[in-house]
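To start, the structure itself, in structure tokens.
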Amino acid sequence: MEARRFTIALFFVFLLSKSYALSSRKDGARSPCKKLVFYFHDIIYNGKNSKNATSAIVGAPAWANKTILAGQNHFGDLVVFDDPITLDNNLHSTPVGRAQGIYLYDKKEIFTAWLGFSFVLNSTEHKGSINFAGADPLMNKTRDISVIGGTGDFFMARGVATLMTDAFEGEVYFRLRVDINLYECW
Amino acid sequence: MEARRFTIALFFVFLLSKSYALSSRKDGARSPCKKLVFYFHDIIYNGKNSKNATSAIVGAPAWANKTILAGQNHFGDLVVFDDPITLDNNLHSTPVGRAQGIYLYDKKEIFTAWLGFSFVLNSTEHKGSINFAGADPLMNKTRDISVIGGTGDFFMARGVATLMTDAFEGEVYFRLRVDINLYECW
Amino acid sequence: MEARRFTIALFFVFLLSKSYALSSRKDGARSPCKKLVFYFHDIIYNGKNSKNATSAIVGAPAWANKTILAGQNHFGDLVVFDDPITLDNNLHSTPVGRAQGIYLYDKKEIFTAWLGFSFVLNSTEHKGSINFAGADPLMNKTRDISVIGGTGDFFMARGVATLMTDAFEGEVYFRLRVDINLYECW
Chain F
11 MEARRFTIAL FFVFLLSKSY ALSSRKDGAR SPCKKLVFYF HDIIYNGKNS
61 KNATSAIVGA PAWANKTILA GQNHFGDLVV FDDPITLDNN LHSTPVGRAQ
111 GIYLYDKKEI FTAWLGFSFV LNSTEHKGSI NFAGADPLMN KTRDISVIGG
161 TGDFFMARGV ATLMTDAFEG EVYFRLRVDI NLYECW
Chain P
11 MEARRFTIAL FFVFLLSKSY ALSSRKDGAR SPCKKLVFYF HDIIYNGKNS
61 KNATSAIVGA PAWANKTILA GQNHFGDLVV FDDPITLDNN LHSTPVGRAQ
111 GIYLYDKKEI FTAWLGFSFV LNSTEHKGSI NFAGADPLMN KTRDISVIGG
161 TGDFFMARGV ATLMTDAFEG EVYFRLRVDI NLYECW
Chain A
11 MEARRFTIAL FFVFLLSKSY ALSSRKDGAR SPCKKLVFYF HDIIYNGKNS
61 KNATSAIVGA PAWANKTILA GQNHFGDLVV FDDPITLDNN LHSTPVGRAQ
111 GIYLYDKKEI FTAWLGFSFV LNSTEHKGSI NFAGADPLMN KTRDISVIGG
161 TGDFFMARGV ATLMTDAFEG EVYFRLRVDI NLYECW
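Chains as they are written, first to last, in this note's numbering: chain F, 11 to 196; chain P, 11 to 196; chain A, 11 to 196.
Pasting the structure below:
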């Protein structure tokens, strides 16, 4: 009988450890399993800055063109980008990767955007990609988008990224701070 | 001995509650943890309706333009939208949010589309965003796309959304009913 | 007392089975719950091949047009596609579905792309859709993107897909091999 009780106790330990690891995902605290902060820098092509530009308008509505952001809060402008990612807010810091994908302005009455893009990180600290999608009501101080997947160091990651506009200069340059909180880590 | 048995019993209750909460995700019934139904309304810009239009063609193939949907089942037309979301099928009901993102027609032989967009909900009942992606073979009565993430009230949500075309009027207006079933809720 | 012990034993069996099924998701081996291999075939419209073309440039930067892929490694070209999926590397094999969505070239210095698309599978073996997003640094031998969701047979799927360029012919035709590894299966 004592042996059986010991076995039962062992099972308990096993079950508890498993259950705890898993249940941490759903219950209560919502504490991230990984936190990261990056900045990325977007210089949009305006007809004169082809050397420096990191992005370009590639889609625009019938009433607009591709060298000047459209009226009505740029509604309909679709931009492809390849923006440097840095660890601090200095455009000239050594990049740790590239933010690549699309953003598009999608409202006439106010600035809002929609983003589908990836962080492709390639530094001593991080190798892999983080994939994002979501709405960016960019006049808000902070905006949350979804981390929808990842590869490499970020294999199967899910989470939420909070965007903050860290600089906005004359419709040519903007810098976003991105606070990434992963809640699913593998 | 009785005390130990009581402790064991307590552990059981603990383990069972944890396991149940978690196992509901993968096993058997696939019953959603949250169900929502919305409608959204798309009025595409056609050169004459700039006041009412909620969407616009911003990309089109070489053989097409941006005020008339292209031939060959609109293949290649890419549309940016900012569509009102309502709780019923009435375009003039008070919106509870906006559907924002892109859709694109992607087949020559028949109408099909691909969608990447967000519901940005801002009502007394729901605050937050739901992010979607997927193929929309729109001649089918119902089509399933993925809920790939969420923020705010829909933090970390995943699920499936079923689209139904509720109205389609002269290639200017369409209304989709969206039945959202979330299977991961946090 | 024996009856109670039997009940306890039953609970154990129940808990173990549940816990095991779940814990396999996060711990250790990262072994996929489903593996699939497909090929898809892209023939881009170049002004002369409208019958055969499965894709078309629909967005391009200010300095480019929509019948010739842009200079600077096609930076800014956005392509809508409806490509046949086959089980082997033969363009003329019976398709098992279609790959539908967008890709875009997003770097001036080297070929890289970003992808948002779905596999819409309709064969005796598979019915349903798999949704993908991610960066495709296409000069690398293998590139990982995310499986961000699925429907039908791939309900709620998540995973990683590894892309390999299996053929690349004169900037008109390319063929990708896609090794899909799902790590969340429902």
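Cβ coordinates follow ideal geometry from the N, Cα and C atoms, glycine included.
Q: Please report how far the alpha carbon of P:W73 lies from the alpha carbon of A:N56, in whole angstroms.
A: By one-based count along the second sequence, residue 73 of chain P stands at place 63. By one-based count along the third sequence, residue 56 of chain A stands at place 46. The straight-line gap from Cα to Cα measures roughly 11 Å.
Q: Whole angstroms is fine: what's the gap from P:M166's alpha carbon to F:I158's?
A: As a working note, residue 166 of chain P is residue 156 in the second sequence. As a working note, residue 158 of chain F is residue 148 in the first sequence. Computed Cα separation, rounded: 9 Å.
Q: Consult DSSP for P:T64 and reduce its assignment to one of helix, strand or coil.
A: In the second sequence, the residue the question calls residue 64 of chain P occupies position 54. Coil, per DSSP.
Q.
So for A:N83, helix, strand or coil by DSSP?
A. By 1-based counting over the third sequence, the position of residue 83 of chain A is 73. Helix, per DSSP.
Q: For A:A189, go through chain F and note every residue whose CB falls closer than 7 Å to its CB, in chain order.
A: Mapped onto the third sequence, residue 189 of chain A falls at position 179. According to the sequence displayed, residue 189 of chain A carries Asp and not Ala. Those within 7 Å of A:D189 in chain F number zero; the least Cβ separation is about 13 Å.
Q: To the nearest angstrom, report how far apart A:Q110 and P:A109 are at their CA atoms.
A: As a position in the third sequence, residue 110 of chain A is number 100, starting the count at 1. As a position in the second sequence, residue 109 of chain P is number 99, starting the count at 1. Their Cα atoms are separated by approximately 21 Å.
Q. Is the segment 173-188 of chain P touching the segment 159-179 of chain A in the sense that three or more CB pairs, one from each, lie closer than 8 Å?
A. The segment 159-179 of chain A, when compared against the segment 173-188 of chain P, does not touch it at the 8 Å Cβ threshold.
Q.
To the nearest angstrom, how far is the alpha carbon of F:T122 from that of A:S103?
A. By 1-based counting over the first sequence, the position of residue 122 of chain F is 112. By 1-based counting over the third sequence, the position of residue 103 of chain A is 93. C-alpha separation (whole angstroms): 45 Å.
Q. Start and end of the beta strand (DSSP E) containing F:L101?
A. If you number the first sequence from 1, residue 101 of chain F lands on position 91. Careful: F:L101 lies outside any beta strand (DSSP E) and carries neither H nor E.
Q: Locate the beta strand (DSSP E) running through A:S156, then write down its first and last residues.
A: Here the question's residue 156 of chain A lines up with position 146 in the third sequence. Start and end: 153-162.
Q: Taking C-beta pairs closer than 8 Å, name the residues in chain A that P:L88 reaches, listed in chain order.
A: Within the second sequence, the letter at position 78 stands for residue 88 of chain P. Under the 8 Å cutoff, chain A gives V68, G69, L88, V90, I112.
(Q) In the DSSP output, what is F:S128 paired with across the bridge? (A) By 1-based counting over the first sequence, the position of residue 128 of chain F is 118. Paired residue(s): F:Q110, F:N141.
**Q.** Whole-angstrom distance between A:R187 and A:R153, CA atom to CA atom
**A.** On the third sequence, residue 153 of chain A is found 143 positions in, with the first residue counted as 1. On the third sequence, residue 187 of chain A is found 177 positions in, with the first residue counted as 1. One C-alpha to the other measures close to 11 Å.
Q: Round the Cβ separation of A:K118 and A:Q82 to the nearest angstrom and send it over; I've been treating them as touching at under 8 Å.
A: Start at 1 with the first residue of the third sequence, and residue 118 of chain A comes out as number 108. Start at 1 with the first residue of the third sequence, and residue 82 of chain A comes out as number 72. With a Cβ gap of about 4 Å, A:K118 and A:Q82 count as contacting.
Q) For F:E194, does the count of other Cβ atoms within 10 angstroms reach 16, so buried, or fall short, so exposed? A) Along the first sequence, one-based indexing puts residue 194 of chain F at 184. It counts as buried.
Q | Sequence-distant residues of the same chain with beta carbon closer than 8 Å to F:A80, five excluded per side | A | As a first step, residue 80 of chain F must be located in the first sequence, where it is residue number 70. So the list reads A70, P71, W73, A74, G86, D87, Y115, once near-sequence residues are dropped.
Q: Compare the C-beta of P:A143 with all C-beta atoms of chain A and state if any pair is closer than 8 Å.
A: What you label residue 143 of chain P is simply residue 133 of the second sequence in a count that begins at 1. Taking Cβ atoms only, chain A reaches closer than 8 Å to P:A143, which makes this a yes.
Q. Using a Cβ-Cβ cut-off of 8 Å (strictly less than) and excluding sequence neighbours within five positions of F:S139, which residues of its own chain qualify?
A. Sequence index remark: in the first sequence, residue 139 of chain F carries index 129 (1-based). Only S128, F129, V130, L131, G160, T161, G162, F164 meet the Cβ criterion.
(Q) Using a Cβ-Cβ distance cut-off of 8 Å, determine whether F:S41 contacts chain A. (A) Position 31 of the first sequence, counted from the start, is the residue given in the question as residue 41 of chain F. No, its Cβ sits nowhere closer than 8 Å to a Cβ of chain A.
Q.
Taking the alpha carbon of P:W196 as the reference point, which residue from P:L125, P:I67, P:Y113, P:R168 has its own alpha carbon closest?
A. In the second sequence, the residue the question calls residue 196 of chain P occupies position 186. For the residues P:L125, P:I67, P:Y113, P:R168, the minimum Cα distance to P:W196 belongs to P:R168.
**Q.** Closer than 8 Å to chain P by CB, F:Y193
**A.** By one-based count along the first sequence, residue 193 of chain F stands at place 183. Output row for F:Y193: interface = yes.
Q. When Cβ atoms are compared, which residues of the segment 122-137 of chain A fall closer than 8 Å to chain P?
A. G126, F127, S128, V130
Q: Just the chain P side, please: which residues come within less than 7 Å of A:W73 by C-beta, in chain order?
A: The residue you call residue 73 of chain A lines up with position 63 of the third sequence. Ordered by position in chain P, no residue passes the 7 Å Cβ test against A:W73, which lies about 16 Å from the chain.
Q. Out of curiosity, what's the CA-to-CA distance linking P:N141 and F:I112?
A. As a first step, residue 141 of chain P is located in the second sequence; it is residue number 131 there, counting from the start. As a first step, residue 112 of chain F is located in the first sequence; it is residue number 102 there, counting from the start. Rounded to the nearest angstrom, the two C-alpha atoms are 15 Å apart.
Q: Output the distance between the C-alpha atoms of A:V68 and P:P105, rounded to the nearest integer angstrom.
A: To locate residue 68 of chain A, count along the third sequence from 1; it is residue 58. To locate residue 105 of chain P, count along the second sequence from 1; it is residue 95. Between A:V68 and P:P105, the C-alpha separation is close to 32 Å.
Q | Cα-Cα separation between P:A171 and F:N59, rounded to whole angstroms | A | Position 161 of the second sequence, counted from the start, is the residue given in the question as residue 171 of chain P. Position 49 of the first sequence, counted from the start, is the residue given in the question as residue 59 of chain F. About 43 Å.
Q: Examine chain A for any beta-carbon lying closer than 8 Å to the beta-carbon of F:K76, and answer yes or no.
A: In the first sequence, the residue the question calls residue 76 of chain F occupies position 66. With 8 Å as the cut-off, F:K76 counts as an interface residue toward chain A.
Q: Verify the CB distance criterion: does F:F165 have a CB-CB separation below 8 Å to chain A?
A: Along the first sequence, one-based indexing puts residue 165 of chain F at 155. Judged by the 8 Å Cβ criterion, F:F165 is in contact with chain A.
(Q) For A:E194, list the residues DSSP reports as bridge partners. (A) Residue 194 of chain A sits at position 184 when you count from the first residue of the third sequence. Its beta-bridge partners are A:R168.
Q.
So for A:D176, helix, strand or coil by DSSP?
A. Taking the third sequence and counting its residues from 1, the one referred to as residue 176 of chain A is at position 166. Three-state DSSP puts A:D176 in a strand.
(Q) Does F:F121 come out as helix, strand or coil in the three-state DSSP assignment? (A) For the purposes of this step, residue 121 of chain F is taken as the residue at position 111 of the first sequence. Coil.
Q. Under a CB-based cut-off of 8 Å, is F:V170 close to chain P?
A. Counting from 1 along the first sequence, the entry for residue 170 of chain F is found at position 160. Chain P contact via Cβ: present.
Q: Look up P:K76 in the DSSP assignment and say whether it is helix, strand or coil.
A: Here residue 76 of chain P is taken as the residue at index 66 of the second sequence, counted from 1. P:K76: coil per DSSP, three-state reduction.
Q) Does the beta-carbon of A:V90 have 16 or more other beta-carbons within 10 angstroms, so that it is buried, or is it exposed? A) Position 80 of the third sequence, counted from the start, is the residue given in the question as residue 90 of chain A. That one is buried.
Q: Using a Cβ-Cβ cut-off of 8 Å, state whether F:S156 counts as contacting chain P.
A: Taking the first sequence and counting its residues from 1, one reaches residue 156 of chain F at position 146. For F:S156, the answer is yes, since a Cβ of chain P falls inside 8 Å of its Cβ.
**Q.** Within chain P, the residues that F:K58 reaches when beta carbons sit closer than 9 Å
**A.** By one-based count along the first sequence, residue 58 of chain F stands at place 48. What F:K58 touches in chain P: nothing, since even the nearest Cβ is about 23 Å away.
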